[in-house]
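Have a look at the structure below before the remarks.
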Amino acid sequence: MNPDEAVGPELTAFAAGLRFALDPFQHRACVALEAGHGVLVCAPTGAGKTIVGEFAVHLALAAGTKCFYTTPIKALSNQKYADLVAVHGAAAVGLLTGDVAINPGAPVVVMTTEVVRNMIYAGSPALEGLSHVVMDEVHFLADRFRGAVWEEVILHLDPAVRVVSLSATVSNAEEFGDWIKTVRGDTTVIVDDHRPVPLSQHVLVGNRIFDLYEHAPHGPGKKGGREVNADLKRYIRHKMLTNDDRFSDSRGRGRGRGHRGGGGPRASRPDVVASLDRDGLLPAIMFIFSRKGCDGALAQCQRSRLSLLEPHEVAAVDEIVDKHLTDIAPADAEILGVEQWRAGLRRGFAAHHAGLLPTFRHAVEELFAGGLVKVVFATETLALGINMPARSVVLERLVKYNGEAHVDLTPGEFTQLTGRAGRRGIDTEGHAIVLWTPEVVPEQLAGLAGARTFPLRSSFVPEYNMAVNLLGRMGLAGAQELLHRSFAQFQADRSVVGQARKVDQARIRLRKTDAQLSELATARGIGRRDTEGDADNPGNGFLDYVDLRETIRRRERDLKFHRRVETNQSIVEDLGALKKGHVIGLQGRRHRGLAVVLEPAAHASDPKPLVLVEDAWCGRIDERDFVNPPQVLGNMRLPRHPDRSTGRGRRDLASALRATGIEMPRGRGNKRAPAADDAELKRLRTELRAHPAHRLDPGDQLFRLAEQRNRLLREILSAERDIASRTSTLGVTFSRIVDVLAELGYVTRTGDSVEVEDAGRLLGRIYSESDLLVTECLRAGVWEGLSHSDLAAVVSAMVYESRRDGAGGVDSVPGNPRLRGALTDTVEVWQRLNEVERRHRVSATREPDTGFSVAVAMWSSGRSLTDSLAAAGQAGQLLSPGDFVRWNRQVIDLLEQIRISVGPDAPLSTTAARAVGSIRRGVVAAELG
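Under this note's numbering, the sequence shown has 50 at position 50, and the numbering climbs by one with no breaks.
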């Protein structure tokens, strides 16, 4: 069918209101939508996928139905809300983001994905009349922390609802599309790799900028475009030979494009910006993978003479900044660094990261979009879909910290970041610039930039809240069936096809090997296997000999393992017995040296005492830090409340520890082999020496065939286990979760059915990483009778996560015995829950973290931002204003859930409402964020 003949009246009306013609992929997707199909659109960043989502909004309004527009983060929801209000008016558009609700009954509501998931589980009447759901950035379902929510929504939405899935380019789009078709029915999959603004790849070396590719600046895709620029490689070799010392710093600095010849020290960030300005490559986003790095780059530019704005632009900046600062109290201006921040904006540069106040970020976004900020130093959160395209994107490094380790950027991450370069309708091409360091190999960079392999992998894992909601909605059989329909299971089922083929091929090779072995064993006069032999009296065949050797190997391994288990058990017992002030020696891989116990283990079954090591490291230790059971080497007098929150306090404690004169014991304990005295092992070795095959030369071909046979058997067994694991992991995890819920009284098992109890329904209304712990605390009544500020403090322990080991214990909360008592009770509830989870082999709920408790209690009590941030610092938590706002809003979100869940007549509901009102003030309520 000719696409033009398929155009319906609504698409005609919608397209007439646009300032540009639809691209082919947009046209195809919109035609499919108007024809009543769901759509999956995979296209590069900046290609204009959101047009398809906006057409879904148009269709819903035209039909008098509803459309939900979902995004992964609040910042995106806020931005899309503003965009849709500008088109359709405030009366037609609403916003729901956990802590913010604007016009929720509107026909079009923008929301974070969790909100629509919660509506589905609650059976919200807001779902009535829903015709379209747009899932922007749907590739977020690969996120290991939140990805399951996207699958839940896709699986649970009424079949009549048309789902519009918008994804960045992924290499398995067809597989993802096949799954959506399987679970949602009629869905049109549209994959488009075309960038409307071509992207040139560059490398900045010293004071020169080079094209990455020979002949083809836009990279792979055109004939000859994969060859790395020979001039770039020659120049790097020259610099490495002549100026190696100038390139030893890998912090990602570099000199911009120039024509002055090489040499000179490595350029600073202001020099890079000046070079970009000189070569017409602004506005630019410079991605730096840490907040500290972004702030440092901004400070460098502020100390320089760099200024990128004309006088009339400075006046426009002041006007926009004043508008965004209207809700900031003058008393808070100094601690927020308002004037310093404004000074950078007035010169055309800014930072953008989660540590900034939302109102600061929004101002930067507006100024950048208006061309009044020329350079933004940003963390990768800017690449999550916020509409801030630039002419150029600069990557300081190709390595980032992922929360656990420093890792190389993946091809998908590189594409997502550099995809911000090139403004449609403004630039003829975008520029992706990597700052060269000795670690950057041009050929590897070319492979990264040209890679087209970044598959979407499901992160779907059952959780407590999900389990009770599934069981309540569809029973045990229905819940298990839904798990089988998940994208995770879909991928697992497909992946085992290849494994099954490997098993078949291995079995064929095994039969050939067996035939060769039998023939050769017979020729040696031994035979393949003695049919008369058994486990107690092995036969005289060659394979009987091989089995005997394997039995000995397993016996030796098992004895060693049991010895280690016994040692670990002793370590755990001795760790649990340590007291405050005990001095011990650490022997593990993570930490070595003398350590003093600052806080004994909270519970004996999984002891993790808090210690300070002689090198001033402070944190919790466990059995991994010991080879042998810990010995108390001595005692050290400690103050009642040792200062472990500050670097100086930790150094003083470490100095006092070294001054005790206690020394580490020498040696690593008894290393006698556990097999030395085992009678069974001695008997087996005697039989081995007496076996006829023992006289064979160890190099005999029979042994090589036997090893080949064992290797094939192991390969088959491993593949079969892998198949079983891949196809049953979700079901096993779900079953274990149900067992935990049954033991704690949330559900009742009766034969093959499971009934959700009142406690389970309460759990089903709590959406938090610590959902079961929160519900257990509500059931136990440990938060009853608290003041509103104390309730805010204890609830913060459910959401807050300290950024440093050893922080966030109850001891970090000074004074206020009522609050300390509630926190202690909460930790005891967590310990009991942990025991149940460990017994059922379920991932443990994380320990409550009190690092934010004092700060939020002070803020809730009406204290100033300065006082609240100072209290956080005294608790060892160095929070930026942006972090302070973000954590407060998460506390508000959970308090609201508690208020609604316990019912309006409960005293706790009233206290939670007061707590919400007391927190939602000043900078926390200044602007949606």
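Idealized CB from N, CA, C, for every residue including glycine.
Determine, using beta carbons only, whether residue i and residue j come nearer to each other than 9 Å.
i    : j    : result
E401 : F289 : Reading off the sequence, residue 401 comes out as Tyr, not Glu. Yes, the Cβ-Cβ distance between Y401 and F289 is below 9 Å.
L702 : A693 : yes
L612 : A601 : no
A363 : V321 : yes
S853 : A913 : no
V170 : G412 : yes
M858 : S802 : no
V375 : I285 : yes
L575 : K608 : yes
T381 : H324 : no
L336 : V923 : yes
G430 : A390 : yes
L398 : E439 : yes
G581 : A616 : no
L166 : K66  : no
P283 : L306 : no
F287 : L199 : no
A92  : L59  : no
L908 : L791 : yes
S458 : L157 : no
V394 : V272 : yes
Please look up how many angstroms separate the CB atoms of residue i and residue j, rounded, as I've assumed it's under 8 Å.
i    : j    : result
N229 : L241 : Incorrect: roughly 19 Å between the Cβ atoms, too far for contact.
A343 : Q302 : 6 Å
Q26  : N387 : Actually they are not in contact, since the Cβ atoms of Q26 and N387 sit about 16 Å apart, beyond 8 Å.
G764 : N469 : 5 Å
E837 : V740 : 6 Å
L823 : V799 : About 14 Å separates the two Cβ atoms, so there is no contact after all.
Q587 : F626 : 6 Å
P630 : I584 : 5 Å
G851 : Q877 : 5 Å
V109 : G89  : Actually they do not touch by this definition, with Cβ atoms about 14 Å apart.
M111 : F68  : 6 Å
L471 : V747 : 6 Å
So what does residue i bridge to, in DSSP terms?
i    : result
I662 : DSSP output for I662 lists no bridge partner at all.
F349 : V375
Y69  : V110 and V134
V164 : V39 and V134
S753 : T750
I190 : V41
G94  : V109
V203 : F210 and V434
M466 : In DSSP, M466 forms no bridge with anything.
I102 : L95
M286 : F377 and V394
V496 : V496 is not bridged to any residue.
V795 : V795 is not bridged to any residue.
V228 : Y213
For residue i, is the beta carbon positioned less than 8 Å from some heavy atom of the ligand HEM?
i    : result
E847 : This structure lacks the ligand HEM; in fact it carries no ligand of any kind.
**Report entry** Inter-stretch contact (C-beta, 8 Å, three-pair minimum) for the stretch 819-836 and the stretch 762-782
**Finding:** yes
Query raised in the report: Fully enclosed by the stretch 377-450, which alpha helix (DSSP H) runs are 4 residues long or longer?
Result: 411-418 and 442-450
Query raised in the report: Between the stretch 474-488 and the stretch 138-152, do at least 3 Cβ pairs fall closer than 8 Å?
Result: yes
Report task. Identify every run of the beta strand (DSSP E) within the stretch 557-637, keeping only runs that are complete inside it and at least 3 residues long; order them along the chain. Result -> 582-587, 592-599, 610-613 and 618-620
**Report entry** Whole runs of the alpha helix (DSSP H) within the stretch 18-74, excluding any shorter than 4 residues
**Finding:** 24-34 and 50-63
Report task. May I ask you to verify whether the stretch 24-42 touches the stretch 187-198, counting CB pairs closer than 8 Å and requiring at least 3? Result -> yes
**Report entry** Validate contact between the stretch 439-449 and the stretch 129-141 using beta carbons, cut 8 Å, 3 pairs
**Finding:** no
**Report entry** Whole runs of the beta strand (DSSP E) within the stretch 688-735, excluding any shorter than 3 residues
**Finding:** none
Requested in this report: Assess, as a yes-or-no matter, whether the stretch 158-165 is touched by the stretch 5-18 under the definition of 3 or more beta carbon pairs within less than 8 Å.
Outcome: no
Query raised in the report: Is the number of C-beta pairs between the stretch 886-905 and the stretch 757-775 that are closer than 8 Å three or more?
Result: yes
Report task. State whether the stretch 730-739 contacts the stretch 862-870, with contact taken as three or more CB pairs (one from each stretch) at a distance under 8 Å. Result -> no
Requested in this report: Would you check if there are 3 or more beta carbon pairs closer than 8 Å linking the stretch 192-206 to the stretch 428-435?
Outcome: yes
Report task. Could you tell me whether the stretch 177-187 touches the stretch 140-149, where touching means 3 or more Cβ pairs closer than 8 Å? Result -> At 8 Å Cβ cutoff, the stretches do not touch.
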